[in-house]
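Enquirer: Sharing a structure, written as structure tokens. Questions coming.
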Amino acid sequence: METDRWSRIQQLYHAAQELPPSARAEFLSQSCLNDPELRREVESLLAYEKQADGLLENPEWKADTPPETAPPGARAMAVGSQLGSFRILDFLGAGGMGEVYRARDTRLHRDVAIKVLPAGLAREPERVARFEREARAAGALNHPNIVAVHDIGRDHDTYWIATELVIGEPLAKMIERGPVVVHRVLQIATQVADGLAAAHAAGIVHRDLKPANIMITRDWRVKIVDFGLALRQRTSQDSTTVDVTDEGTILGTAGYMSPEQVRREAVDHRSDLFSVGVVLHEMCSGKRAFPGASSIEVMNAVLKDQPAELPASVPPALVLIVRRCLEKDPARRFQSAADLGFALQPSSPSLPPAAAPKRRTRLKWAALAAAAVAAVFWLTRPLPPPQLTATVQLTNDGRGKRPPWLSDGSRIFFRSLSAAGMETDQVSVKGGESIALPLPVKNADLVDISPDRTELLLCPYEKSAVPVCELWVAPLMGGSARRLGSLAAQDGAAAWSPDGRQVVYAKDQELHIATNDGTEVRKLATFSGVIYALHWSPDGSTVRFSVDPGAGAPGSLWEAPIDGNRAYPLLPGWKTATYTCCGTWTPDGKYFVFQAGVNGMTNVWALREKVAWFQRAERGPFQLTNSPLEMLHPVSSPDGSACLSTVTRNAPSFSGTI
Amino acid sequence: MEPLQAGHPVDVTGLLRAWSAGDRSALDQLAPILHAELKRIARRCMMRERPDHTLQPTALVNEAFLRLINVQGAEWQDRAHFFALSAQMMRRILVKSAIARGASKRGGSARKVSLEDAVIVSPKRDVQIIKLDEALEELARVDPRKAQIVELRFFAGMNFEEIAAVLKVSSRTIVREWSVSKAWLAREMDR
């Protein structure tokens, strides 16, 4: 392309950009009178103006930055302004997806609610799509318990939806005043179930049902609002997949999401029934069913926890209904909103008037015999799979952290990114403020902690191109560092033996063992690939490590016994994970915990290592964490079987106990 | 150039200073060091810690800077030059690894991969990077400076002022050129 023409194109492009879209065509036809080709070129560039933002300004890897919303106070519409045939009367409120105004329909002379997508969001195609989806989803429904959509439109860059104006208050407000009395709970829940049944019958899943989206009118009628996340289910006639959310985006509100939503699995109408269960629970108790200080805690609770017992005043049949809605497995919930609605009917056989349950007082002998059999079974019972019993968020400083982490039982040490560079930090295993750990060796990656927990093995990276570093030992309590013989390890892959008298390290794709003063070096095994995350078993018999074969191939865990010169993959037949890496033992040697990628999520898994001869037990792998965040590099704390994992992107860290 | 030895530290900050002051030979020493470090960090992030997750090239470049450069001793202009050099390398590293994973421009996989392999990295991202690389190549033919601006901003996360300092034009110019380059690239990638 000639330079002159290209500069002319740019000139016109910039000039047209300054103009409102409506004036551009006129401007271009004036400017390109005898050159339709030039006009086409400029117009095609202008057509890509917005799309380009999505690609280059907000590429996929930046998608987790929160969307910018308009500052409070800056409203999209002024009172008295006109949108289509609606005149704005009043500002009613703002939600995540837009601002809501009361407006007058000047043609039909009635008041409506108008929801406006803020201009900032109107530039994001996904937001616009979601907004339009809301209108289409709710507009397709005609039911007394679903807010009616009157009209949808666009005025320049302003997208709006006009809906029925509901005079009342959201259920959320009602619950703020305390638990809802049982007969009102039933009255509200029945209508919610009816509304949902209609939506589901039309193939629409709400996906964001919560007290804030359930409006109660003054005469106790229910209107479900906000179909912004609604998903049209695939029907048998429609074979195209409707993928409405980006991979990796979690939509919905943490405490009301179903487990399958939290896990980002496919959801169907039964996901809404879980949300109804959460709402029911909250109405009966006045408290959130899955409380938590952060959304990660809440999501974790949704996946794992049973909500607190409902107050004794709640009839047992209603308790059962709530419990059935809150089943983690969709197959064990009510299978349809209609079924739920039927169960909630006051005349339903499953919901008799509250009465004390009858006490069973018979067959003592049978009970005793059963107990004896149970005792034998208990002794030889299959061991239950390991589970994390609790998790703690350790840090919340927003700073990226670089694995591996090390622990001395009371503190966790890690490398952290700050404006001034990378530094070594420490945080209590109970969580809290992380502070710098002063070390005599600067610019060093953490490698291992000595078995007596007094020294760190460090790998100072020189400012050089060679990914091999010298091994240094630095006392944790202060004092000078010493060089470990003349040993150097690739990428800091090294570990102490459990008695602290030897080290194993990787160099030039080989594993070596040496004594702790850097002498008596012997080769253990050779690999094609880079060895990293090396650990020595608590019983001293073997080492395990990760191998990165290079060229983008997935890494995996390997094992090499100390007394031999052979090595083998740890999980050769395990097809569930796309890759495995970064494992370590719990201090008692009972479990080997590691990181694995399954279904695009990075979580911590465990292998059972030791089982008593009379016990039946599966070896695993068992999934320990199920987090939408990335759970990386478990490290075990020496004072028990604690297991820690953390996340690099948003930088909170978590610890849990097996 | 002699091969670098472990335990033989190189004054990267000094090299960077010399290069931005106009010493070309400093670049010859600097480039392989930077390239190796970027590759190392990228490999570590992509293959090991979060192989099935997205990576942030700008974060990688930033980490390389923090690791290689004496932050207190570096001037603002040094940083700009470091990032400019890294942008080019980052682009090459990302494209090469995307190709290595079997992505091709047409959105499919060049070689047959099993379902397990396919989800290791986001194929969507690989395809995007290869397409962007090709479109950038095309843009460089039409307007080399614009291609450079995109490279600096996209692959090293530089802001408009820093880019302006490296290219020695006003930041207003950079903003305008960035805008038209984006549209041009989006159109090119859509073809």
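Chains as they are written, first to last, in our numbering: chain A, 523 to 1180; chain B, -2 to 188. Ideal Cβ positions, reconstructed from N, Cα and C, are used throughout, including at glycine.
#1: By the three-class DSSP mapping on this structure, what secondary structure does residue 821 (chain A) have?
#2: Along the region 539 to 569 of chain A, where does the CB come closer than 8 Å to a CB of chain B? Name the residues.
#3: Going by DSSP in three states, residue 799 (chain A) sits in which element: helix, strand or coil?
#4: May I ask you to list, following chain order, the residues of the region 155 to 182 of chain B that have a beta carbon less than 9 Å from some beta carbon of chain A?
#5: Which residues in the same chain have their Cβ closer than 8 Å to the Cβ of residue 665 (chain A), if we skip the five residues on either side of it in sequence?
#6: Taking only three categories from DSSP, how would you classify residue 669 (chain A)?
#7: What runs of the alpha helix (DSSP H), each 4 residues or longer, lie entirely inside the region 694 to 736 of chain A?
#8: So is residue 867 (chain A) in contact with chain B if we call contact Cβ pairs under 8 Å?
#9: Just mark residue 555 (chain A) as buried or exposed, buried being the case when its beta carbon has 16 or more other beta carbons within 10 Å.
#10: Given a cut-off of 8 Å, decide if residue 973 (chain A) and residue 1030 (chain A) are closer than it, judged by their beta-carbon atoms.
#11: Quick one: does residue 884 (chain A) have its CB under 8 Å from some CB of chain B?
#12: In the structure shown, what three-state DSSP assignment does residue 152 (chain B) receive?
#13: What does residue 536 (chain A) reach in chain B if we use C-beta pairs closer than 8 Å?
#14: Whole angstroms is fine: what's the gap from residue 654 (chain A)'s alpha carbon to residue 1078 (chain A)'s?
#15: Enumerate in chain order the residues of its own chain whose CB-to-CB distance from residue 1008 (chain A) is below 7 Å, with the five nearest sequence positions on each side excluded.
#16: Between the C-alpha atoms of residue 691 (chain A) and residue 954 (chain A), what's the straight-line distance to the nearest angstrom?
#17: Thinking residue 531 (chain A) and residue 559 (chain A) are a contact (beta carbons under 8 Å), I'd like their distance in whole angstroms, please.
#18: Please classify residue 515 (chain A) as buried or exposed, where buried requires at least 16 other C-beta atoms within 10 Å of its C-beta.
#19: Chain B partners of residue 532 (chain A), CB-CB under 7 Å?
#20: Measure the C-alpha to C-alpha separation of residue 789 (chain A) and residue 799 (chain A) and round it to an integer number of angstroms.
#21: Within the 8 Å Cβ cut-off, does residue 787 (chain A) reach chain B?
#22: Look at residue 1157 (chain A) and residue 929 (chain A) and say whether their C-beta atoms are less than 8 Å apart.
#23: Below 8 Å on C-beta distance, what does residue 528 (chain A) contact in chain B?
#24: Work out the CA separation of residue 787 (chain A) and residue 852 (chain A) for me, nearest whole Å.
#25: Excluding five sequence neighbours on each side, which residues of the same chain lie with their C-beta closer than 7 Å to the C-beta of residue 975 (chain A)?
#26: May I ask you to verify whether the region 167 to 181 of chain B touches the region 530 to 550 of chain A, counting CB pairs closer than 8 Å and requiring at least 3?
#27: Taking 8 Å as the threshold (beta carbon to beta carbon), is residue 184 (chain B) in contact with chain A?
#28: On the DSSP bridge assignment, give the partners of residue 680 (chain A) in chain order.
#29: Determine whether the Cβ of residue 131 (chain B) lies closer than 8 Å to any Cβ atom of chain A.
#30: Might you give, ordered along the chain, the residues of its own chain that have their beta carbon closer than 7 Å to the beta carbon of residue 965 (chain A), omitting 5 neighbours on each side?
#31: In the DSSP output, which residue or residues are listed as bridge partners for residue 1000 (chain A)?
#32: Is residue 571 (chain A) close to chain B, meaning its C-beta is less than 8 Å from at least one C-beta of that chain?
#33: Between residue 61 (chain B) and residue 38 (chain B), which are expected to be in contact by the criterion C-beta below 8 Å, what is the C-beta distance as a whole number of angstroms?
#34: Under 8 Å between the Cβ atoms of residue 126 (chain B) and residue 147 (chain B)?
#35: Determine which residues share a DSSP beta bridge with residue 11 (chain B) and list them.
Expert: The structure says:
#1: helix
#2: 539, 566, 567, 568 and 569
#3: helix
#4: Those residues of the region 155 to 182 of chain B that come within reach of chain A (Cβ to Cβ, closer than 9 Å) are 173, 174, 175, 176, 177, 178, 179, 180, 181 and 182.
#5: So the list reads 716, 717, 720 and 721, once near-sequence residues are dropped.
#6: Secondary structure at residue 669 (chain A): coil, using DSSP grouped into helix, strand and coil.
#7: As far as the region 694 to 736 of chain A is concerned, its whole alpha helix (DSSP H) runs of at least 4 residues are 704 to 723.
#8: no
#9: exposed
#10: no
#11: Its pLDDT being 42, under 50, residue 884 (chain A) is placed unreliably in this model, and the value from its coordinates should be taken loosely. No, residue 884 (chain A) does not count as interfacial toward chain B.
#12: Here residue 152 (chain B) sits in helix by DSSP.
#13: 173, 176 and 177
#14: 45 Å
#15: Short of 7 Å from the beta carbon of residue 1008 (chain A), and not among the five residues preceding or following it, lie these beta carbons of its own chain, in chain order: 1040.
#16: 40 Å
#17: So it is not a contact: roughly 10 Å between Cβ atoms.
#18: With chain A running from 523 to 1180 in the structure shown, residue 515 (chain A) is simply not present.
#19: Per Cβ cutoff of 7 Å: 177.
#20: One C-alpha to the other measures close to 16 Å.
#21: So no, residue 787 (chain A) is outside the interface.
#22: yes
#23: Within 8 Å Cβ-Cβ: 139 and 140.
#24: 12 Å
#25: 930, 931 and 1160
#26: Judged by Cβ distances under 8 Å, the region 167 to 181 of chain B makes contact with the region 530 to 550 of chain A, as three or more pairs qualify.
#27: yes
#28: A:677
#29: The beta-carbon of residue 131 (chain B) is placed no less than 8 Å from the nearest beta-carbon of chain A.
#30: 982 and 983
#31: In the DSSP output, where bridge partners are listed per residue, residue 1000 (chain A) has none listed.
#32: Yes - at least one Cβ of chain B is within 8 Å of the one on residue 571 (chain A).
#33: 6 Å
#34: Residue 126 (chain B) places its beta carbon 8 Å or farther from that of residue 147 (chain B).
#35: Residue 11 (chain B) is not bridged to any residue.
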